[in-house]
Amino acid sequence: MAAGMSGAAPPKIRIRGLRKSFGEKRVLDGVDLDVATGTSMVVIGGSGSGKSVLIKCILGLIEADDGQIEIDGRDVLRMDRRERDTVNAGIGMLFQNSALFDSLPVWENVAFGLMAQRGATRAQARQRAAEVLAQVGLAASVGELSPSELSGGMQKRVGLARAIAAQPGIMFFDEPTTGLDPIMGAVIDGLIVDCVKRLGSTAIAITHDMASARRIGDAAAMLYGGRIVWTGPAGALMDSGNKLVDQFTHGRREGPIQMELRK
Amino acid sequence: MNTLLDGTAALGRGAIGVCRVVGGLALFALTGLSHLLRPPFYGRMFLRAFVEFAYFSLPVVALTAIFSGMVIALQSFTGFARFNAESAIAGVVVLSVVRELGPVLAGLMVAGRVGAAMAAELGTMRVTDQIDALTTLSTNPMKYLVAPRLLAGTIALPFLVLIADILGVLGGFFVSTVKLGFAPGSYLVNTVNFMTATDVLSGLAKAAVFGFIVALMGCYHGYNSRGGAEGVGAATTSAVVAASILILAFDYVLTELFFAR
């Protein structure tokens, strides 16, 4: 079943039959997923289940083998490079490890997209970077620092600032709270929710942090065996009635999900 | 029969592997070069790479050139003295430095310094998703990271080699006049008489090719690195080894092209 449908309104993101293999290993095996406009969709799933591959396929960072990925009704897999770049310009991405550019100061990291996509001057970009840093709770002076001088939580916030700087209509979050303490994780989740609501963006977050999933998501989907096996409201994650989801969300060893452990 | 088939299959796989690597490298180089012809061009990235190539490599290249010139003068003297041909030392030093040692040693030094750093930087960017992040920010990584480095390497190394040529000749001059007792004036006259514009220009042309090779190997191995810290280390090693071998191989090819009769 496709997820996140609301009435007859067309979904912002519509995925059908998405397949991706690496050699013999089939990671995505016919993913179907709908994300309605303005919805925050959380995709959960075990390590190596293909969550990051799914997002990278949507962004064009990994070439899908087959299927359709429609954004605003247009199949991005059939677009040429220039059209694809135009679509990608409307997408913000927060990477798992923030992926800040080591060689640039924080403000240039935040404003990189503005200078690259919109031709902002360095002065304009610097001013906008200070504004966006303030939105994620960082002082303008942080902009002068190098990414290596920041803590993990601050790097996440800078990564978030970079993702929202161009005010994208779609945002992706790859494991936004991984490696953070619970309090900083909650802070990042709060900032993500604030930013998404303020911009009215459609978001997909992938995580296996259940607290984070419930805080960020309006809707949720579980990826298992290369397919979406459950979709529903994020609030129902802990009591979904689906054996796969219940085992995963409650962290039970026993259940239909068999971990590949060497005996 | 099976052994024969297995051997043939292994040979075929090896040949296909070589073709894949060579084809991939050629495609990478052409893609990088094609981005130099299409805007936008990232001048700041070019300047950064140029400074890294030319300015920060200057000390190591200068020292290498000076000592090489000194050694050639000394070796030539001990060898040529057997044939009473000491007067040819100035010519030997200038031709050796300008035609061969200048470009080759500068290329090898820069491969070890800049090529390795380039591979490590791009490799780290690859394994920490920074290259993917560039793509999500509507920036083509080949245009932003690779094209400026290829251009910088190609332009910077001839400048370095020009300086290395001068310093190498001065090293030979120093040993010849201070230690071996040559008259400074006649040594310099001999140096100028032996040297032709072709000698200098062929060395600079070699330097441009070697600079391109160093940048290409650093970018290619770094850009395509996989597997975390170990992958970055392997990419760095591969970049230096491949660049060094290609520099020596192309040195022969270019020498054949310029001087073989």
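Residue numbers (our numbering), protein chains in the order written: chain A, 119 to 381; chain B, 34 to 294. Here a beta-carbon is modelled for each residue, glycine too, at the ideal position from N, C-alpha and C.
CB contact below 7 Å: residue i versus chain A
i: Leu190 (chain B); result: no
i: Thr161 (chain B); result: yes
i: Ala106 (chain B); result: no
i: Asp284 (chain B); result: no
i: Asp198 (chain B); result: no
Listed by chain order, chain A residues near residue i by CB distance under 8 Å
i: Asp232 (chain B); result: Under the 8 Å cutoff, chain A gives no residues; its nearest Cβ is about 39 Å from Asp232 (chain B).
i: Thr168 (chain B); result: Leu177, Gly178, Leu179 and Asn206
Closest by C-alpha distance to residue i, when choosing among the options
i: Ala321 (chain A); options: A:Ile282, A:Thr157 and A:Arg132; result: A:Thr157
i: Ala153 (chain B); options: B:Thr41, B:Ala282 and B:Glu263; result: B:Glu263
i: Cys313 (chain A); options: A:Gln245, A:Val250, A:Ala352 and A:Leu218; result: A:Val250
i: Gly344 (chain A); options: A:Gly308, A:Phe140 and A:Ser167; result: A:Ser167
i: Leu179 (chain A); options: A:Val149, A:Phe213 and A:Gly164; result: A:Phe213
i: Gly214 (chain B); options: B:Leu107, B:Ala43, B:Gly45 and B:Ser67; result: B:Leu107
i: Asp162 (chain B); options: A:Leu218, A:Ile162 and A:Ser319; result: A:Leu218
i: Leu298 (chain A); options: A:Phe291, A:Ile187 and A:Met272; result: A:Met272
i: Val247 (chain B); options: B:Gly218, B:Glu85 and B:Leu195; result: B:Glu85
i: Thr231 (chain B); options: B:Ala267, B:Val127 and B:Thr157; result: B:Val127
i: Gly102 (chain B); options: B:Val125, B:Ala118, B:Pro92 and B:Arg81; result: B:Val125
i: Tyr342 (chain A); options: A:Ala323, A:Asp190, A:Pro300 and A:Ile375; result: A:Ile375
i: Ser109 (chain B); options: B:Ile122, B:Thr224, B:Gly205 and B:Val222; result: B:Ile122
Chain B within 7 Å of residue i, Cβ atoms only
i: Phe140 (chain A); result: no
i: Met197 (chain A); result: no
i: Met272 (chain A); result: no
i: Leu193 (chain A); result: The sequence given here places Asp at residue 193 (chain A); Leu does not occur at that position. Not an interface residue.
i: Gly231 (chain A); result: yes
i: Asn215 (chain A); result: yes
i: Met357 (chain A); result: The identity of residue 357 (chain A) in the sequence shown is Asp, whereas the question assumes Met. It does not: the Cβ of Asp357 (chain A) has no partner Cβ on chain B nearer than 7 Å.
i: Asp190 (chain A); result: no
i: Asp183 (chain A); result: no
i: Asp391 (chain A); result: The structure shown does not extend to residue 391 (chain A), since chain A is modelled only from 119 through 381, so no value can be given for it.
i: Lys143 (chain A); result: no
Chain-ordered chain B contacts of residue i [CB-CB under 7 Å]
i: Ala207 (chain A); result: Ser171
i: Ala241 (chain A); result: In chain order: nothing, as chain B lies at least about 15 Å away.
i: Phe219 (chain A); result: Gln163
i: Thr307 (chain A); result: This sequence places Asp at residue 307 (chain A); Thr is not what is there. The contacting residues do not exist; Asp307 (chain A) stays about 21 Å from chain B at best.
Residue i: contacting residues in chain B (beta-carbon distance under 8 Å)
i: Gln235 (chain A); result: Leu170 and Ser171
i: Met302 (chain A); result: Neighbours of Met302 (chain A) on chain B: none; closest Cβ ~20 Å, over 8 Å.
Residues near residue i by beta carbon distance below 7 Å, same chain, minus five either side
i: Thr64 (chain B); result: Met175
i: Leu167 (chain B); result: Pro174 and Tyr177
i: Leu249 (chain B); result: Ala62 and Leu183
i: Ser266 (chain A); result: Asp220
i: Val145 (chain A); result: Lys138, Ser139, Gly168, Val171 and Gly344
i: Ala352 (chain A); result: Val160, Ala331, Arg332, Gly335, Asp336, Ala337 and Ala338
i: Ala14 (chain B); result: Any question about residue 14 (chain B) goes unanswered here, given that chain B covers just 34 to 294.
i: Gly318 (chain A); result: Gly156
Distance between residue j and residue i (C-alpha atoms, nearest Å)
i: Ile346 (chain A); j: Gly76 (chain B); result: 46 Å
i: Ser129 (chain B); j: Gly135 (chain B); result: 8 Å
i: Val208 (chain B); j: Phe74 (chain B); result: 47 Å
i: Ala304 (chain A); j: Asn227 (chain A); result: 24 Å
i: Ile99 (chain B); j: Leu203 (chain B); result: 7 Å
i: Ile209 (chain A); j: Pro286 (chain A); result: 5 Å
i: Phe79 (chain B); j: Val179 (chain B); result: 10 Å
i: Val274 (chain B); j: Ala185 (chain B); result: 21 Å
i: Ser165 (chain A); j: Leu96 (chain B); result: 52 Å
i: Lys143 (chain A); j: Thr269 (chain B); result: 29 Å
i: His254 (chain B); j: Gly141 (chain A); result: 22 Å
i: Met233 (chain A); j: Ala284 (chain A); result: 10 Å
i: Gly261 (chain B); j: Pro294 (chain A); result: 20 Å
i: Tyr88 (chain B); j: Pro223 (chain A); result: 23 Å
i: Ile301 (chain A); j: Asp307 (chain A); result: 10 Å
i: Gly94 (chain A); j: Glu181 (chain A); result: This structure leaves residue 94 (chain A) out entirely; chain A is present only between 119 and 381.
9 Å Cβ cut-off: residues of chain B touching residue i
i: Met211 (chain A); result: Asp165, Ala166, Thr169 and Leu170
Cβ shell of residue i (< 6 Å), same chain only, five flanking positions each side left out
i: Val94 (chain B); result: Ala139, Met142, Leu193 and Ala197
i: Asn215 (chain A); result: none
Any C-beta of chain C under 7 Å from that of residue i
i: Gly163 (chain A); result: No chain C appears in the structure shown, which is made up of the protein chains A and B.
Close-in-space but distant-in-sequence residues of the same chain around residue i (CB under 8 Å, 5 per side omitted)
i: Leu69 (chain B); result: Ala180, Leu183 and Leu184
i: Gly163 (chain A); result: Lys169, Ile324, His326, Met340, Leu341, Tyr342 and Phe366
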